[in-house]
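2 protein chains.
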Amino acid sequence: MLTEERKQYILQVLDHEGIIRSQELMAALNASESTIRRDLKELEEESLIERVHGGAQKIGLLDFEQNMVEKSSENVHEKRQIAQYAASLIDKNEVIYLDAGTTTLAMVPFLREKNLTVVTNSVEHASALADFLIPTRVIGGNIKLTTKAILGSKSVQELKQYRFNKAFMGTNAFHEEYGYSTPDPEEAAMKTTAMEQADLAFVLADHTKCGQVSFAKVADLSQAAIITDQIPAEILRKISKKTTITEVSK
Amino acid sequence: MLTEERKQYILQVLDHEGIIRSQELMAALNASESTIRRDLKELEEESLIERVHGGAQKIGLLDFEQNMVEKSSENVHEKRQIAQYAASLIDKNEVIYLDAGTTTLAMVPFLREKNLTVVTNSVEHASALADFLIPTRVIGGNIKLTTKAILGSKSVQELKQYRFNKAFMGTNAFHEEYGYSTPDPEEAAMKTTAMEQADLAFVLADHTKCGQVSFAKVADLSQAAIITDQIPAEILRKISKKTTITEVSK
DNA sequence: ATGATTTTAAATGTTTTTGGTTGATTTTGA
DNA sequence: TCAAAATCAACCAAAAACATTTAAAATCAT
Chain A
120 MLTEERKQYI
130 LQVLDHEGII
140 RSQELMAALN
150 ASESTIRRDL
160 KELEEESLIE
170 RVHGGAQKIG
180 LLDFEQNMVE
190 KSSENVHEKR
200 QIAQYAASLI
210 DKNEVIYLDA
220 GTTTLAMVPF
230 LREKNLTVVT
240 NSVEHASALA
250 DFLIPTRVIG
260 GNIKLTTKAI
270 LGSKSVQELK
280 QYRFNKAFMG
290 TNAFHEEYGY
300 STPDPEEAAM
310 KTTAMEQADL
320 AFVLADHTKC
330 GQVSFAKVAD
340 LSQAAIITDQ
350 IPAEILRKIS
360 KKTTITEVSK
Chain B
120 MLTEERKQYI
130 LQVLDHEGII
140 RSQELMAALN
150 ASESTIRRDL
160 KELEEESLIE
170 RVHGGAQKIG
180 LLDFEQNMVE
190 KSSENVHEKR
200 QIAQYAASLI
210 DKNEVIYLDA
220 GTTTLAMVPF
230 LREKNLTVVT
240 NSVEHASALA
250 DFLIPTRVIG
260 GNIKLTTKAI
270 LGSKSVQELK
280 QYRFNKAFMG
290 TNAFHEEYGY
300 STPDPEEAAM
310 KTTAMEQADL
320 AFVLADHTKC
330 GQVSFAKVAD
340 LSQAAIITDQ
350 IPAEILRKIS
360 KKTTITEVSK
C-alpha cells in the first residue's frame, strides 16, 4: 500500500466521518501503528488534518452543536458496526450491489483492497465510492429528489441485465409476517429486483426498523439474511428458522 | 512498445484511477523497472503527473485545500456568466442534456422554474440538480473515478435512446481547424453522441480553451454553437461563418 | 550496410519506507 | 488521587524503492 494511498484514504474518511481512531485506520489499512502514526503526523504538518489523542479529526471540527446533533440524532455507531460486519462478508474480486441508504453508505470505507466492482442506484454512494477510488457502475434512471436514489422501470430493466455475487440492501421496515417493506413502490421494485439478481442478499437494518411495516412490500424475510444490532427476543422467536440473522453488537 | 504508447497508457490510467504503482505498470506494460521509472520521471518533468514513492498519481489528487484555492482563483466569474447566458437560452418544458464539467455545473442554479427534464452523465451534476429539485435522469454506466463522469459503451448506447431539445457541453479544447477535443476517448464518444441526439448543441468554453487541441476529437466546430467569454479577434476571423459564437462578457 | 542515436535491462550503491522496541506521556477508572 | 491501560515519540534494523551507471539491443539516417 502506497503512502499516498493511505493518506488519501485517511483524508476521505475524515471528510466523510469527521473523526477516526488510529486503531481503526490500522485495521482498515493493514498497516502498523508506527506507519499510521507517521502518516497522521505528516498530514498534520501539511495541516490537512488535526491530530487528537487516539486518532485524528477533520480540521476545525469543533462545531459541537452541528456534529453532536447530527451524530446523536441518528444511531451512527450502530450503523457503522453493522456496515463493517457486512463489508467483512465480501470476498475478493466480487461484484456487489449497494442499495441506497445511510447504513449501506457507511460500508464504503470498508470496501478497499478487495478488488470489487460495485453497482449502485444511489448518486450519493456513487460519489463516495469514487472518492475512495473503488470501481463503480451507476444504474441509469430517474432521480428521486428527496433521497437521490435512482429509480424507475428502465432502472429495473437495467438491473436485470446484471448478476451480483452479493447485494447489500437498506430497508425502512421489516416484519416477521409481512417481510421487508418501504414507502415508495418504485423503490420497492428496485430493491426486489436487485435481491433477485444476487446470489446472496443481505438486509442491513438497525433495531428501529424491527417489527415495522411500510406501504410497498419488497420481499419475504427468508429472501435475505438480516444484519442488525439487536432484536427483541420475542420477535426473534417468531421469525422463521429459514432466515439468517446476525446481531453485530453481541 | 513505444515510449509514447506507454506514456499515453500511464496518463490514461491515472486519469481514470488516480493513482498507480510502478509494479503494476511494469506488469501491465511488460517493461523493466528502469523503463517505467524513466517514463514516470519524464512525465513528471512535463508536470503531467506527480510522482510518489512506489508509483505516481494524478497531479493535485490530494490537495483539498489547493483545490479550493484553485476553484476560487480560477475564472469562476467568467464561468458563471457563461453558464447564466447558456441557461437563458432554454425554453420552458424542454428536455436538455447537461454534460459533465465545471462550467455546465454552474448552470444548475439557473435552471429552476423552467419545468425542465435534465439528463446528465455526471454524478456531481445529478446531485446538484436534485438539491435544486429539478427532475433529473442519470445515464447509467461506469464512473470515471477522477471526475465522477459516467462513461462507457453502454452509456453511449443509452444516450442513443433519447432525444434532447438542447445539449450543453463542456470541453477541454476547441480549435478552428481541429474542432472540439478532450483527453479521454471514452469521454469524447459520450460527448459526440450527446451532441448528435440534440436538436441544438452548445459548447461552453472559457477563453483558456480557445485554440487548444487535445487527444480525442469530439466534433467539428460547426456542430455546435460556442458560448464563451472572449475570443482573440484573429481566431474569430478564422472560424467558419457556419459556427455561431456568443461572447457573453461583451 | 554502417555508424549514430535512442531505448532498454541489469547491476550498483543510496535513500525511503516500514514494523517493531524502548521508555515517556496521557487517559481512564476505581 | 493513584495505578493500570492506552497512546505517544524516538530509535533501529530489514525491506522496498530509488538514482545512477553500464552495456546490450533496437531504431534511425545516411
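The listed protein sequences correspond, in order, to chains A and B.
To convert, take the position in the first sequence, counting from 1, and add 119; that gives the working numbering.
To convert, take the position in the second sequence, counting from 1, and add 119; that gives the working numbering.
For each residue, glycine too, the CB sits at the ideal point set by N, CA and C.
With respect to the 8 Å criterion, isoleucine 345 (chain B) and alanine 324 (chain B) are classified as neighbours on the basis of their beta carbons. The three-state secondary structure of tyrosine 128 (chain B), taken from DSSP, is helix. Along the length of the region 208-237 of chain A, whole beta strand (DSSP E) runs at least 3 residues long occupy 214-217, reported in chain order.
Residue pairing from DSSP places alanine 268 (chain B) in a beta bridge opposite B:Ser241. At a cut-off of 8 Å between beta carbons, serine 300 (chain B) makes no contact with chain A. Closer than 8 Å to the CB of leucine 252 (chain A) there is at least one CB belonging to chain B. In terms of beta-carbon proximity, glutamine 142 (chain B) stays away from the interface with chain A, with every pair separated by 8 Å or more. At a beta-carbon threshold of 7 Å, the residues of chain A lying near leucine 264 (chain B) are Ala249 and Leu252, ordered along the chain. Contact between lysine 336 (chain B) and glycine 289 (chain B) fails: their C-beta atoms lie close to 15 Å from each other, not under 8 Å.
With fewer than three CB-CB distances shorter than 8 Å, the region 242-251 of chain B does not count as touching the region 163-179 of chain B. Put simply, the backbone Cα of glycine 271 (chain A) is about 6 Å away from that of glutamate 305 (chain A).
For alanine 150 (chain A), the closest C-alpha among the options A:Arg199, A:Phe287 and A:Glu232 is that of A:Glu232. Of the candidates A:Asp348, A:Gly330, A:Glu366 and A:Ala343, A:Gly330 places its Cα closest to the Cα of lysine 357 (chain A). The alpha-carbon separation between leucine 148 (chain A) and aspartate 210 (chain A) amounts to approximately 16 Å. Apart from the 5 residues on each side of it in sequence, histidine 196 (chain A) has no Cβ closer than 6 Å to any other Cβ in its chain. Within chain B, no residue has its CB atom less than 8 Å from the CB of asparagine 284 (chain A), the nearest being about 18 Å off. Against chain A, the CB of glutamine 176 (chain B) has a partner CB under 8 Å away; the residue lies at that interface. Spatial neighbours of threonine 363 (chain A) in its own chain (CB-CB distance under 6 Å, excluding positions within 5 residues in sequence) are listed in chain order as Ala344.
Nearest C-alpha to threonine 223 (chain A) among A:Ser359, A:Lys360, A:Pro351 and A:Ala320: A:Ala320.
The C-beta separation of isoleucine 129 (chain B) from leucine 162 (chain B) comes to about 6 Å, placing the pair in contact by the 8 Å criterion. Alanine 292 (chain B) and alanine 219 (chain B) have their C-alpha atoms spaced approximately 14 Å apart.
According to the DSSP assignment, isoleucine 138 (chain A) belongs to the beta strand (DSSP E) that extends over 138-140. By a beta-carbon distance limit of 8 Å, serine 246 (chain A) does not contact lysine 263 (chain B). Their separation comes to about 12 Å. Note on geometry: alpha-carbon atoms of alanine 206 (chain A) and leucine 133 (chain B) lie some 27 Å from one another. Within the DSSP bridge table, the entry for tyrosine 299 (chain A) names A:Phe293 and A:Ala338 as partners.
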